[in-house]
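Colleague: Below is a structure I'd like to ask you about.
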Ligand code: GLA
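Rendered as C-alpha cells:
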C-alpha cells in the first residue's frame, strides 16, 4: 500500500473514532483512546474539522510482509513466542500471533526506540484481540534516567474473542526516557495484532507570549480546570494547564462514586465481617491526577461525593448485589456516613499535603421545576435517582452535608453543585435549601456548573442577563459561589463563524463574575481546549484544538479591565 493510500485509511479511521468519541461519552472529559467495533461500517462524513495534513506516519504494518522486527517480548524470561500467522486476520491476510503466554504480564511489545522522541506527541492506532474472553491491556512502559521502570496504562479493550480497533491513543515519553515500548497483555491466551501504526501528531505548542489567565485574575478568584489522567499524557495540554489554570484542578471523572467505590473490596469486607454498611473505596483511578496536583502544589476541588449518575447500583442494594433489593433508609444512611468518612480520611491520609479546598457534596439533585428527581436507577431510567428511590425525597442531601461537615478536612468548603442553575424552579429550590443549610452551618457555597450555550449569539441560552440574575441571587445569600464547570458552545461544527459571538458572551459572563469577585472564590473551566471537551463539536472553550487562544480568551482577559 503506498503512503498516500495509507494516510487516507488513517484519516478514515480517525474520523470514525471521532464520531464514536463524541457520541459515546457524554459524561466525561477526553478519554485518550477510543474503541469501536472493528466490524462497524466506516463513515467518512464526520463534519468535524480535524486536520491531519502534517501528520507523519512513522510506522505501519498489517504483517502481510512478514516483518516483525519492531516487536519483541517485554523481557528475556517472557516465554511468549511471536510469529506471523495466516490463521486469522482483520485486514490483509496475516497477523501477529503471540502464543505460549504463561502469565498476564507476558505478551508482545512494540519497541519505540528510534521511533519516538522525548516530549513530542504520537498517536497509536491498533487492531488487536485476545483469543479467549479476556480483554487486552495496552500500556506504555519506559525506563527513566534512574533506571526505574515507568508504566502508563493507555487502554483496556472490551471482552476478548473478537477484534478491537483502538485508535487515537496519545503517547508521549518524557525527556529522561531511555527505552520504551507499547505492551499488549492481560489474560493468558494468545494475543493477535493486525493493523498497527504510529503517527507523529502535529505539534500543538502553546502560545507562551500571551497573558496567563490565572495571573490576570489572581487578586479576584482562582482560575482552574478539570482534567483526566489521559490529559497528562499530552505535553502541550500540561503546558496549557500550567500557564493558565494552575490555581485549581478538578479530577474530571475519577473522584466520582463510580471510580471510588470498590465492589470487590466491599464484597470481601462483607464476606469477612458480615457487615455491609462499610463500603470500601479506592483512589487508584484518581492517582495520576492527584500525584500531579501534589507535585505542583495545585489546590484540588473534590467532585463529587453524592450524585444520581456515575454511581454504582450495588451501592444501594442489599449485599452489594446490583440485582438485589434496595436497602432500607437506615442502612443507606449508615453506608452514606461510612462512605463519606472513609473517603475524606483516606484522601487526606494519602495526600496530606494537597489543599482540598472545595468539595461538591451533592451534584444535580434538583429538577428545573424545583422538585426532586424521579425515583429509580439512572442506568435503567435516564435521569432517575437511586437516592430518591430509597429516601422517597431529597432528604439525603442534608444527611450528606451533615456527614461531610463532620469528616471533611479543615479548610475544605462544602458546595451544592448543579446545572441549569439559572432556571427559576431549580434556582428557588437551591436557594431555599441553601438558606436552611446555612442556618444549620453545614454548607459553604453554591457551585454553578455553567454549561452554557452561545448558539448564534442573539439566541444564547441562558442570556447573559439571565445568568447574571442567578449570579446576583446566589451571591446575595452570604455564601461563597464557585463557577465549577464553565463552557459555552456555539452551533455544532460551525467552524469559526460564531467565535466573535462566543467572545462577546464570555465577556459578559466573566464581567459579571468579576463584579461579584468578593463572593466568588473560583472560576473553573470544564476542560482545556475544544478538541478535548466533552462538548467538542460545540467548541466551547477558550483554546482551539491547536492550543491557540480563541477570541473568547482575549475577551475574557478584557472583561477584567
Ligand atoms: C456534569 C458533571 C460533571 C461532568 C459533566 C460532563 O456537569 O457534574 O462531572 O460529568 O457533567 O462532562
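Residue numbers (the working numbering): 1 to 561. Every residue gets a Cβ at the ideal spot worked out from N, C-alpha and C, and that includes glycine.
1) Enumerate, from N- to C-terminal direction, the unbroken beta strand (DSSP E) stretches of 3 or more residues contained entirely within the segment 62-95.
2) How many angstroms separate the CA atom of residue 24 from the CA atom of residue 439?
3) Mind checking residue 247: buried by the 16 CB within 10 Å criterion, or exposed?
4) Excluding the five sequence neighbours on either side, which residues of its own chain have a C-beta within less than 8 angstroms of the C-beta of residue 134, listed in chain order?
5) Note down the Cα distance separating residue 70 from residue 364, rounded to an integer number of angstroms.
6) Where do the ends of the beta strand (DSSP E) carrying residue 343 lie?
7) In whole angstroms, what separates the C-alpha of residue 280 from that of residue 349?
8) Under 8 angstroms: do the segment 320-330 and the segment 494-511 share three or more Cβ pairs, one atom per stretch?
9) Please return the same chain residues whose Cβ sits closer than 6 angstroms to the Cβ of residue 362, not counting the five positions on each side in sequence.
10) Indicate, with yes or no, if the ligand GLA has a heavy atom lying under 8 angstroms from the CB of residue 252.
11) Does DSSP put residue 396 in a helix, a strand or coil?
12) With DSSP collapsed to three states, give me the class of residue 455.
13) Just reading off the beta strand (DSSP E) that residue 447 is part of, what are its end residues?
14) Are there any heavy atoms of the ligand MN lying less than 8 angstroms away from the beta-carbon of residue 516, as far as the coordinates show?
15) Count the other CB atoms within 10 Å of the CB of residue 449; is the residue buried (16 or more) or exposed (fewer)?
16) Return helix, strand or coil for residue 157, following the three-state DSSP convention.
17) Taking the alpha carbon of residue 327 as the reference point, which residue from 272, 291, 388 and 58 has its own alpha carbon closest?
18) Between the C-alpha atoms of residue 228 and residue 419, what's the straight-line distance to the nearest angstrom?
19) Just curious, the alpha helix (DSSP H) that residue 257 is in, first and last residue?
20) Taking the alpha carbon of residue 235 as the point to measure from, which residue in 298, 170, 268 and 217 has its own alpha carbon closest?
21) Of all the options 545, 267 and 553, which has the alpha carbon lying nearest to the alpha carbon of residue 570?
22) Considering only the beta carbon of each residue, do residue 358 and residue 302 sit closer than 9 angstroms?
23) DSSP state of residue 509, grouped into three classes?
24) Can you say whether residue 296 is buried or exposed, counting buried as having 16 or more other CB atoms within 10 angstroms of its CB?
25) Nearest to residue 380 by CA position, among 478, 310, 85 and 249, is which residue?
26) Can you tell me where the beta strand (DSSP E) with residue 307 in it begins and where it stops?
27) Are the Cβ atoms of residue 366 and residue 466 separated by less than 9 angstroms?
28) Report whether the distance from the Cβ of residue 303 to the nearest heavy atom of the ligand GLA is below 8 angstroms.
29) How far does the alpha helix (DSSP H) with residue 575 in it reach, from first residue to last?
30) When you compare the CB positions of residue 249 and residue 289, do they come within less than 9 angstroms of one another, or not?
31) Give me, in chain order, the residues of the same chain whose beta-carbon lies closer than 8 angstroms to that of residue 144; leave out the 5 immediate sequence neighbours on both sides.
32) Enumerate in chain order the residues of its own chain whose CB-to-CB distance from residue 115 is below 7 angstroms, with the five nearest sequence positions on each side excluded.
33) Residues in the same chain with beta-carbon distance under 6 angstroms from residue 251, minus the five sequence neighbours each way, listed in chain order, please.
34) Starting from residue 554, trace the alpha helix (DSSP H) in both directions and tell me its first and last residue.
35) Kindly indicate which three-state DSSP category residue 390 falls into: helix, strand or coil?
36) Identify whether residue 165 lies in helix, strand or coil by the three-state DSSP scheme.
Modeller: From the atom records:
1) 71-73 and 81-85
2) Here residue 24 is taken as the residue at index 24 of the chain shown, counted from 1. Here residue 439 is taken as the residue at index 439 of the chain shown, counted from 1. Its pLDDT being 27, under 50, residue 24 is placed unreliably by the model, and the measurement read from it follows with that caveat. The alpha-carbon atoms of residue 24 and residue 439 are separated by roughly 42 angstroms.
3) Along the chain shown, one-based indexing puts residue 247 at 247. So residue 247 counts as buried.
4) Position 134 of the chain shown, counted from the start, is the residue given in the question as residue 134. The answer, listed in chain order, is 159, 160, 186, 187, 188 and 189.
5) On the chain shown, residue 70 is found 70 positions in, with the first residue counted as 1. On the chain shown, residue 364 is found 364 positions in, with the first residue counted as 1. Between residue 70 and residue 364, the C-alpha separation is close to 50 angstroms.
6) Your numbering for residue 343 matches position 343 in the chain shown. Here residue 343 belongs to no beta strand (DSSP E); instead the alpha helix (DSSP H) covers 329-350.
7) Taking the chain shown and counting its residues from 1, one reaches residue 280 at position 280. Taking the chain shown and counting its residues from 1, one reaches residue 349 at position 349. Rounded to the nearest angstrom, the two C-alpha atoms are 15 angstroms apart.
8) no
9) To locate residue 362, count along the chain shown from 1; it is residue 362. So the list reads 306, 397, 400 and 416, once near-sequence residues are dropped.
10) Working through the chain shown from its first residue, we reach residue 252 at position 252. True, at least one ligand heavy atom lies under 8 angstroms from that Cβ.
11) Numbered from 1 along the chain shown, position 396 holds the residue referred to as residue 396. Of the three classes helix, strand and coil, the one that applies to residue 396 here is helix, per DSSP.
12) Numbered from 1 along the chain shown, position 455 holds the residue referred to as residue 455. In this structure, residue 455 counts as coil in the three-state DSSP scheme.
13) Numbered from 1 along the chain shown, position 447 holds the residue referred to as residue 447. Here the beta strand (DSSP E) through residue 447 covers 445-448.
14) Summarising the ligand content, the structure contains the ligand GLA and does not contain the ligand MN.
15) Walking along the chain shown from the start, residue 449 turns up at place 449. With 16 or more Cβ atoms within 10 Å of its Cβ, residue 449 is classed as buried.
16) Taking the chain shown and counting its residues from 1, one reaches residue 157 at position 157. Correct three-state label for residue 157: coil.
17) Taking the chain shown and counting its residues from 1, one reaches residue 327 at position 327. Considering only alpha carbons, the answer is 388.
18) The count along the chain shown starts at 1 and reaches residue 228 at position 228. The count along the chain shown starts at 1 and reaches residue 419 at position 419. If I take the Cα positions, the gap works out to 21 angstroms.
19) As a working note, residue 257 is residue 257 in the chain shown. 257-260 is the extent of the alpha helix (DSSP H) around residue 257.
20) As a first step, residue 235 is located in the chain shown; it is residue number 235 there, counting from the start. Closest option to residue 235, Cα to Cα, is 170.
21) Residue 570 falls outside the range modelled here, since the chain spans only 1 to 561, and no answer is possible.
22) As a working note, residue 358 is residue 358 in the chain shown. As a working note, residue 302 is residue 302 in the chain shown. Yes, the Cβ-Cβ distance between residue 358 and residue 302 is below 9 angstroms.
23) The residue given as residue 509 occupies position 509 in the chain shown. Three-state DSSP puts residue 509 in a helix.
24) Against the chain shown, residue 296 aligns to sequence position 296. Exposed.
25) Here residue 380 is taken as the residue at index 380 of the chain shown, counted from 1. For residue 380, the nearest C-alpha among the options comes from 310.
26) For the purposes of this step, residue 307 is taken as the residue at position 307 of the chain shown. Taken as a continuous stretch (DSSP letters only), the beta strand (DSSP E) holding residue 307 covers 300-307.
27) For this step, residue 366 is matched to residue 366 along the chain shown. For this step, residue 466 is matched to residue 466 along the chain shown. Not in contact: residue 366 and residue 466 (Cβ atoms no closer than 9 angstroms).
28) Here residue 303 corresponds to residue number 303 of the chain shown, with the count starting at 1. It does: the Cβ of residue 303 is within 8 angstroms (strictly closer) of some heavy atom of the ligand GLA.
29) An answer regarding residue 575 cannot be provided, because it is not within the stretch 1 to 561 covered by the chain.
30) Within the chain shown, residue 249 is the residue found at index 249, counting from 1. Within the chain shown, residue 289 is the residue found at index 289, counting from 1. Yes, these two residues count as a Cβ contact at 9 angstroms.
31) The sequence position of residue 144 within the chain shown is 144, counting from 1. 150, 174, 176, 177 and 178.
32) On the chain shown, position 115 is the one that residue 115 refers to. For residue 115, where only same-chain residues beyond five positions count, the Cβ hits under 7 angstroms are 58, 59 and 198.
33) Residue numbering aside, residue 251 sits at position 251 when the chain shown is read from its first letter. The answer, listed in chain order, is 286 and 289.
34) Within the chain shown, the letter at position 554 stands for residue 554. 551-558 is the extent of the alpha helix (DSSP H) around residue 554.
35) As a working note, residue 390 is residue 390 in the chain shown. Three-state DSSP puts residue 390 in a helix.
36) Taking the chain shown and counting its residues from 1, the one referred to as residue 165 is at position 165. Three-state DSSP puts residue 165 in a strand.
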